[in-house]
Amino acid sequence: MTAPIPRDIPDLPAVPGMPALLASPVPATAVVAPYSRPLTATYRLLVALVAAAAVTVDLFLGSPIRVLTYFTIQSNILLALVMLATARRAWTARRPVSPLVTGAALLYITIASLVYHLILVPHASSPFAMTGGTVTGWQAVTNQVLHTVTPIAAVIDWLFLTAPGRLRLRMAATWLLYPLTYLAVSLGRGELILPGTPGRYLYSFLDVERHGYKSVLGNALLLGLAFYALSVLLVALDHARPNLTRHRAKTGFRLQPPVG
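Under the numbering used here, the letters of the sequence shown match residues 30 to 289, in that order.
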């Protein structure tokens, strides 16, 4: 004979260590298929080629080592590399490059343009204007390309060809690491060069021999605060601007309004 089955069976205790299931957001790539953007890729490729060509001409016109130490040259090289990477992603319908990298390229090329036009170009309100004489020939062309054309092209790409809302405020402090490193390297380079040597300091507002460390560090602090404010402004504008890259993907069906 078998034992009778009890009518009231107690609930089994929960198995310890079983995590609760959490709702996870579905990535956009699982809902909307990635799509190729050949026009965007072509535009970015052209910007990269223009920046690379201007840098190459400058390398042939001057001392390559000295040319490569300029902030403008370095920011244009970074812009060219980022534009090449984003062009490839746009052409092959892959995920975009990290906004930490694209935002840094945009910020640095914008800084190079603003510092050149507001501080280095000779005018009455700038005590740190360049005094090396009038630049002519190919040097004048590359100056305008590297300080005006490529920065405007980068801003156009950001405003019209890049999805908004990807930049984050926490990135602003990270972006300042490169300008701080550039400042330290520039001042260290000046200490290694004999006093009185032409071009000891690349920028007049960093010329310790002429202005002293107190003034130079004060200039660096003001520029650093301005750069941080500019990076915060870029993040704010990135979240406020409209999405001009929205793409209506074909899903194979259409939603119909309810009947009745």
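All C-beta atoms, glycine included, are put in the ideal place defined by N, C-alpha and C. For clarity, every value in this text was computed on a predicted model and none was experimentally measured.
If I follow the unbroken alpha helix (DSSP H) through residue i, where does it start and stop?
i, result
"Tyr257", "237-269"
"Val214", "206-221"
"Thr171", "166-173"
Tell me the DSSP secondary structure of residue i in three-state form.
i, result
"Ser233", "helix"
"Asn272", "coil"
"Val130", "helix"
"Leu90", "helix"
"Thr85", "helix"
"Arg195", "coil"
"Trp187", "helix"
"Arg124", "coil"
"Tyr137", "helix"
"Ser65", "coil"
"Val144", "helix"
"Val150", "coil"
"Tyr72", "helix"
"Val55", "Unreliable positioning characterises Val55 in this predicted model, as indicated by a pLDDT of 49, which lies under 50. The coordinate reading is nonetheless provided below. Coil, per DSSP."
"Val60", "With a pLDDT of only 46 at Val60, under the threshold of 50, the placement of this residue in the model should not be trusted; the figure read from the coordinates follows. Val60: helix per DSSP, three-state reduction."
"Pro227", "coil"
"Phe100", "helix"
For residue i versus residue j, is the C-beta distance shorter than 7 Å?
i, j, result
"Ser260", "Ala182", "no"
"Arg73", "Met112", "yes"
"Asn267", "Leu196", "The residue asked about is misnamed: residue 267 is Asp in this sequence, not Asn. Yes, these two residues count as a Cβ contact at 7 Å."
"Ala167", "Val86", "The residue asked about is misnamed: residue 167 is Trp in this sequence, not Ala. In this structure, Val86 lies closer than 7 Å to Trp167 by Cβ."
"Ser104", "Tyr137", "yes"
"Phe100", "Ala141", "yes"
"Ala134", "Leu175", "no"
"Arg270", "Pro208", "no"
"Val164", "Asn172", "yes"
"Leu212", "Ala249", "yes"
"Leu88", "Val96", "yes"
"Ala179", "Ala80", "The amino acid at residue 179 is misidentified as Ala; the sequence shows Thr. Cβ distance < 7 Å, so Thr179 and Ala80 count as in contact."
"Val264", "Leu198", "yes"
"Val130", "Ile102", "no"
Can at least three beta-carbon pairs, one atom from the segment 230-242 and one from the segment 212-220, be found at a separation below 8 Å? With a cut-off of 8 Å, the segment 212-220 and the segment 230-242 count as touching, because enough Cβ pairs lie within range.
contact_flag[the segment 69-83, the segment 109-129] where n(CB pairs < 8 Å) is 3 or more: The segment 69-83, when compared against the segment 109-129, does touch it at the 8 Å Cβ threshold.
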